[in-house]
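First comes the structure, then the notes that go with it.
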Amino acid sequence: EASSRNLAMSNSELEQLQLLTEVGELIARMSNWADQPTAWDPQRHCQTLIKRLLSRVETLRIRLEAPLLVATFGGTGTGKSALVNALVGQVCTPSGHERPTTTQPVLIAHPQTELSSLNLPLENFHIKTIETPILRDIVLLDCPDPDTSEGATAGSNLAQLQAVLPMCDVLIYTSTQQKYRSARVVDELGQAAAGCRLLFV
317 EASSRNLAMS
327 NSELEQLQLL
337 TEVGELIARM
347 SNWADQPTAW
357 DPQRHCQTLI
367 KRLLSRVETL
377 RIRLEAPLLV
387 ATFGGTGTGK
397 SALVNALVGQ
407 VCTPSGHERP
417 TTTQPVLIAH
427 PQTELSSLNL
437 PLENFHIKTI
447 ETPILRDIVL
457 LDCPDPDTSE
467 GATAGSNLAQ
477 LQAVLPMCDV
487 LIYTSTQQKY
497 RSARVVDELG
507 QAAAGCRLLF
517 V
């Protein structure tokens, strides 16, 4: 069973490398074509458009090489940090029930993950590296708890949350029936969900 899992992981890594190779080859061909001298105005116009496109494709290529960034957020005492600990398989972030426990975003990654590829302000995070298979292709982010009475002042949990969530690929929102009625948390959910895959727990 273990060898089957290792084989599946190898196949997944091979597919990722193949995709990155194809993207690299496509970028190289487009770059070469865009640099070809021509006297034909329509071609020069297309070359200009291709060069503009290539500047954006480079950002996409870097993002393809980066692991998936999965963030958990929710109100105090909704089980957010407990969920992160369960996913990782060990205690890596403290849990609490009565007050905000997570006061700084906690970035949980595999020791071999190149965190610079995430394009995050790493100095603003508490970083933990853990050797576990689940973190080979993803990075978990335990976000500060946005409380209903808190405003988005500089350094507040709410301000940190607003700065971090747009950079994430997947958002896991933990809630209880009582917390889901919170206007503050619902507002943050609506702002953060745009363009992201959103899961409710």
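Going letter by letter, the sequence shown gives residues 317 to 517 in the working numbering.
Virtual Cβ for every residue (Gly too), placed ideally from N, Cα, C.
Which residues bound the beta strand (DSSP E) around residue i?
i      : result
LEU384 : 384-390
ASP458 : 454-458
ILE522 : The requested residue 522 is not part of the displayed model; the chain covers only 317 to 517.
Does residue i come out as helix, strand or coil in the three-state DSSP assignment?
i      : result
THR364 : helix
LEU515 : strand
ILE343 : helix
ILE488 : strand
LEU436 : coil
ALA425 : strand
VAL480 : helix
ALA475 : helix
GLN303 : Since the first and last residues shown for the chain are 317 and 517, residue 303 lies out of range.
SER357 : Checking the displayed sequence, the identity of residue 357 turns out to be Asp instead of Ser. Reduced to three states, the DSSP call for ASP357 is helix.
GLN332 : helix
THR337 : helix
GLU374 : helix
PRO416 : Residue placement at PRO416 is poorly supported in this model, since its pLDDT is 47, which falls under 50; the coordinates still yield a value, given next. Coil at PRO416, not helix or strand.
GLU430 : coil
Could you pull the start and end residues of the alpha helix (DSSP H) that residue i belongs to?
i      : result
VAL519 : Here the chain comprises residues numbered 317 to 517, so residue 519 is not present and cannot be evaluated.
Identify, in the order they occur along the chain, each residue of the same chain with its Cβ nearer than 6 angstroms to the Cβ of residue i, setting aside the five sequence neighbours on each side.
i      : result
LYS396 : THR388, GLY390, THR490
ASN348 : none
THR409 : SER397, VAL400, VAL422, ASP458
Taking residue i and residue j to be in contact with their CB atoms under 8 angstroms, please state how far apart those CB atoms are, rounded to whole angstroms.
i      : j      : result
LEU434 : VAL455 : 7 angstroms
ARG513 : ASP485 : 7 angstroms
GLU381 : LEU336 : 6 angstroms
VAL422 : ASP458 : 4 angstroms
LEU477 : PRO460 : 6 angstroms
VAL339 : ARG377 : 6 angstroms
ALA350 : GLN334 : Rounded, the Cβ-Cβ distance is 25 angstroms, inconsistent with contact.
Which residues in the same chain have their Cβ closer than 8 angstroms to the Cβ of residue i, if we skip the five residues on either side of it in sequence?
i      : result
GLU447 : HIS426, PRO427
ALA344 : none
GLN406 : ILE446, THR448
What residues in its chain sit with their C-beta under 7 angstroms from that of residue i, if we drop five residues either side in the sequence?
i      : result
THR354 : ARG360
LEU385 : LEU434, VAL455, LEU457, MET483, CYS484, ASP485
So, does the CB of residue i fall closer than 8 angstroms to a CB anywhere in chain D?
i      : result
GLN420 : Judged by its chain identifiers, the structure shown contains no chain D, having just a single protein chain.
Does the region 436-447 come close enough to the region 363-376 to have 3 or more Cβ pairs within less than 8 angstroms?
no
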